[in-house]
Every structure is written in structure tokens, then in C-alpha cells.
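What the sequence shown shows, in the numbering used here, is residues 722 to 813, in sequence order.
Every residue gets a Cβ at the ideal spot worked out from N, C-alpha and C, and that includes glycine.
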Amino acid sequence: MNLEQVVCSFHDLDENLTIYVKAPWSFSSDAIVEVEPVDGLVPPHAKHLGFEYFLEVFIARDFLEGWIGSLGIRPTNRELTERLIRYAANDA
């Protein structure tokens with residue numbers, strides 16, 4: 722699964738899950754969605770595969786819903802993903 726596919730499936734994802742992505746972050750970066758361990762670190766198997774923390778699902782969903790609401794139009798899935806990457810990299 723890539724990051725754009727994760728963004729497209731937000732409404733089907735449990736808000737308690739966390740998104741992990743392989744760098745460099747782009748719409749096509751490999752991504753997984755998992756339960757964040759109690760210690761707050763990247764799950765060991767995900768870290769071994771090169772994934773790093775991106776955002777919790779509830780944060781990503783809330784951010785994108787707010788951004789979409791401020792625009793008045795629905796951006797493309799690619800635009801949503803690119804905006805979320807900028808948010809995760811610079812503002813989260």
C-alpha cells in the first residue's frame with residue numbers, strides 16, 4: 722500500500738491507528754497503518770523494513786477535513802496526500 726492509498730481509505734481506518742511511511746515521503750511511498758506500541762516507537766518489524774513514523778490517523782483525518790472545509794472544493798487524492806506530507810514534515 723502506498724501513502725496515497727492510505728489517504729484514500731481514511732474513512733475505513735480506525736482512528737487509533739498510526740501511519741508509518743518509508744522515506745523519502747511522497748504520494749507513492751510505501752505505507753503501513755498499525756497500532757502504535759505503548760513505548761511510542763515505530764513497531765520493530767516496521768522499523769526493520771525501513772518505515773518511520775508519519776502521523777496518527779485521527780490527526781491526519783482531522784487536518785485534511787479542516788483543510789478541505791476551508792477550500793470549498795474537494796482536492797484530488799494526490800493533492801490531499803501532498804498537503805498531508807507538507808503538514809507532517811513542517812507543522813505536526
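Which residue or residues does DSSP assign as beta-bridge partners of residue i?
| i | result |
| --- | --- |
| Glu773 | Val742 |
| Val814 | Nothing can be reported for residue 814, as the shown portion of the chain is limited to 722 through 813. |
| Asp783 | Per DSSP, none; premise fails for Asp783. |
| Asn723 | Asp751 |
With distances taken Cα to Cα, identify the nearest neighbour of residue i among the options.
| i | options | result |
| --- | --- | --- |
| Thr739 | Phe772, Phe748, Gly790 | Phe772 |
| Pro758 | Ala744, Val728, Tyr774 | Tyr774 |
| Tyr808 | Asp783, Thr797, Ile794, Leu792 | Asp783 |
| Phe748 | Asn798, Ala810, Asn811 | Asn798 |
| Pro765 | Pro796, Tyr741, Asp812, His732 | Tyr741 |
| Ser750 | Glu803, Ser730, Asp812 | Glu803 |
For residue i versus residue j, is the C-beta spacing smaller than 9 angstroms?
| i | j | result |
| --- | --- | --- |
| Ala870 | Leu805 | Nothing can be reported for residue 870: it is not among the residues displayed for the chain, which extend from 722 to 813. |
| Val763 | Glu736 | no |
| Met722 | Val754 | yes |
| Ala752 | Leu724 | yes |
| Ile789 | Leu776 | no |
| Val727 | Leu785 | no |
Which term fits residue i, buried or exposed, when burial requires 16 or more other beta carbons within 10 angstroms of its beta carbon?
| i | result |
| --- | --- |
| Ala744 | exposed |
Would you say residue i touches the ligand FAD, meaning its beta carbon is less than 8 angstroms from a heavy atom?
| i | result |
| --- | --- |
| Asp783 | Within the structure as shown, the ligand FAD is missing, as the structure has no ligands at all. |
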